[in-house]
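Residue numbers (the numbering used here): 1172 to 1309.
Beta carbons are placed, not taken as given, at the ideal position from N, Cα and C, and that holds for glycine.
The next block holds one structure in the form of structure tokens; read it before the comments.
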């Protein structure tokens, strides 16, 4: 009985996570999940359930604020360029302007160092160029 309840809860978290992921990042998020399913299906499920089904679905912060925090954290880490690029797109998708994204990255120079901020700016330059190439204004 408990296993079944746990499985139902997990499926609910997964579905909620997929909806939130689609809201934030559309096709890009789906591509990440599909890429993981072939080699690490459990990791793909965890990626959907915990960050997006649980944390991103909590009340208290809107998606824009969550993405600002995520961009700052990934920039400060300095070792998560692919994830930073995904979340730079996501920040723009949920309403951040390019100027705001750049300001977040500049702020990271104070707390994470100039190399981290410069790497973040380079990632943003790439993301902005990709979006320009696709005709995406924001």
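Asked, Found
"Would you call residue 1206 buried or exposed, if buried means 16 or more other Cβ atoms sit within 10 Å of its Cβ?", "exposed"
"Assign residue 1300 to buried or exposed, taking buried as 16 or more other Cβ atoms, counted over all protein chains shown, within 10 Å of its Cβ.", "exposed"
"Anyone know if the C-beta pair for residue 1215 and residue 1208 falls short of 7 Å?", "yes"
"Out of curiosity, what's the CA-to-CA distance linking residue 1185 and residue 1225?", "9 Å"
"In whole angstroms, what separates the C-alpha of residue 1210 from that of residue 1262?", "28 Å"
"Which value, in whole angstroms, describes the spacing of the CA atoms of residue 1252 and residue 1212?", "22 Å"
"Can you tell which of 1234, 1260, 1258 and 1223 has its C-alpha closest to the C-alpha of residue 1192?", "1223"
"Drop a sphere of 10 angstroms on the beta-carbon of residue 1264, count the other beta-carbons inside from all chains shown, and report buried for 16 or more, exposed for fewer.", "buried"
"Starting from residue 1263, trace the alpha helix (DSSP H) both ways and give me its first and last residue.", "1252-1264"
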